[in-house]
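>
In my numbering, the protein residues as written are 73 to 414.
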């Protein structure tokens with residue numbers, strides 16, 4: 073375990089790195105635009121430069137006990153009964169940066185669904201992490217999970233979202249909070265994508281959170297599952313889970329992906345189920361079918377991949393940035409296809 077003083081220095085270094093990344097991204101985008109103009113002078117400007125998507129902030133979405141910010145994107149052509157994707161950023165990130173790099177809003181514009189971002193504020197956590205390790209913020213109808221639930225309710229009302237097609241994904245602290253949202257409100261979500269996250273209940277304070285990040289706590293599958301079952305009344309069915317983990321992650325140890333798999337296999341009653349193993353590019357995929365034959369739990373292990381969202385940068389699509397990394401595979405598009413929103 074590294075001393076906390078070293079960890080504080082690491083967070084300061086990450087903040088400086090974030091500013092350098094942002095400056096570099098801006099420079100690279102300007103260069104890329106000029107290169108495309110020269111390579112394709114015959115293409116109209118609207119093809120060379122993708123239409124911008126902008127997040128809209130809403131302030132009156134409920135009591136907001138977690139003091140979070142609500143931002144969303146909905147295409148002008150959005151129809152009643154459209155799906156909703158909820159996205160939770162990681163530490164040292166914000167909604168705008170995550171959206172610009174991940175491409176969620178651009179995908180929503182092209183395919184007709186809405187995207188909701190909950191954003192952490194510095195007054196809650198100076199490193200902009202969701203407080204996944206504080207019981208007061210991950211307990212049903214309290215704290216940050218309640219704020220996110222209120223945001224979803226607001227969009228269900230305003231946009232006539234299909235309540236049977238609500239999905240959620242998050243990175244790191246946002247991935248851990250995704251696990252807690254699934255635990256606190258299992259009836260709300262159809263499926264989820266947890267990227268470099270931690271199991272629900274992995275820590276109960278900041279000190280133990282650092283230990284958990286370095287190595288998942290030792291618990292049986294039943295003990296992990298009980299943490300979910302105790303969080304909310306039993307739903308008719310639990311959401312499907314896709315878990316993504318870099319094998320070279322130096323921030324959240326890969327053992328946390330094992331804990332997530334154990335937790336959700338137990339919740340689904342699939343502890344003894346053998347996975348179907350395939351490969352996606354150079355990455356390993358383990359798929360656990362549920363009792364209905366559909367994949368209930370999926371684990372994607374990313375070879376030689378550090379801490380971040382796996383992306384496949386393309387013109388007019390995804391971009392690299394702080395903790396938004398080129399993996400040769402797009403988690404955004406893969407999740408969207410699995411969920412049936414594209």
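C-beta atoms are modelled at their ideal positions from N, C-alpha and C, and glycine is treated no differently.
(1) Would you check if there are 3 or more beta carbon pairs closer than 8 Å linking the segment 273 to 286 to the segment 201 to 210?
(2) Measuring straight from C-alpha to C-alpha, what distance separates residue 189 and residue 158?
(3) Which runs of the alpha helix (DSSP H) fall wholly inside the segment 120 to 201 and span at least 4 residues, in chain order?
(4) Skipping 5 residues on each side, what residues in its chain have a beta carbon closer than 6 Å to that of residue 287?
(5) Given 8 Å as the limit, is there contact between the segment 311 to 326 and the segment 359 to 379, that is, 3 or more CB pairs closer than that?
(6) Going by DSSP, name the residue or residues bridged to residue 312.
(7) Anyone know if the C-beta pair for residue 246 and residue 160 falls short of 8 Å?
(8) With which residues is residue 66 paired in a DSSP beta bridge?
(9) Evaluate residue 364 with the Cβ neighbour count: other Cβ atoms within 10 Å of its Cβ, from every protein chain shown; 16 or more gives buried, anything less gives exposed.
(10) Compare the Cα-Cα distances from residue 361 to each of 219, 377, 353 and 343 and report the closest residue.
(11) Between the Cα of residue 336 and the Cα atoms of 357, 270, 128 and 349, which residue gives the shortest distance?
(12) I need the straight-line Cα distance from residue 381 to residue 332, nearest angstrom please.
(13) If you drop the 5 nearest sequence neighbours on each side, which residues of the same chain put their C-beta closer than 7 Å to that of residue 168?
(14) Restricting to Cα atoms, I'd like to know which of 198, 341, 369 and 340 is closest to residue 349.
(15) Relative to the C-alpha of residue 250, which candidate in 133, 272 and 323 has its C-alpha closest?
(16) Is the segment 135 to 144 touching the segment 181 to 200, taking contact as three or more C-beta pairs under 8 Å?
(17) Considering just the uninterrupted stretch of the beta strand (DSSP E) at residue 300, what are its terminal residues?
(18) I need the DSSP call for residue 403, collapsed to helix, strand or coil.
(19) Nearest to residue 314 by alpha carbon, out of 225, 179 and 334?
(20) Count the other CB atoms within 10 Å of the CB of residue 236; is the residue buried (16 or more) or exposed (fewer)?
(21) Run through DSSP, which three-state label would residue 370 get?
(22) Taking C-beta to C-beta, are residue 311 and residue 258 nearer than 8 Å?
(23) What does a CB cutoff of less than 6 Å around residue 132 pick up in its chain, not counting 5 residues either side in sequence?
(24) Please report the residue range of the beta strand (DSSP E) in which residue 342 lies.
(25) Measure the CB-CB distance between residue 130 and residue 226 and report whether it falls below 8 Å.
(26) In the DSSP assignment, what residue or residues form a beta bridge with residue 397?
(27) Can you tell me whether residue 191 is buried or exposed? The criterion is at least 16 other CB atoms within 10 Å of its CB, across all chains shown.
(28) Between residue 233 and residue 186, how many whole angstroms is the CB-CB distance? I'm expecting something under 8 Å.
Put simply:
(1) yes
(2) 6 Å
(3) 167 to 174 and 176 to 183
(4) 325 and 327
(5) yes
(6) 263
(7) yes
(8) Nothing about residue 66 can be reported from this structure: the residues present for the chain run from 73 to 414 only.
(9) exposed
(10) 343
(11) 270
(12) 17 Å
(13) 127
(14) 369
(15) 272
(16) yes
(17) Taken as a continuous stretch (DSSP letters only), residue 300 belongs to no beta strand (DSSP E), being part of the alpha helix (DSSP H) at 293 to 301.
(18) helix
(19) 334
(20) exposed
(21) strand
(22) yes
(23) none
(24) Segment: none, residue 342 is in no beta strand (DSSP E) and carries neither H nor E.
(25) yes
(26) 382
(27) buried
(28) 6 Å
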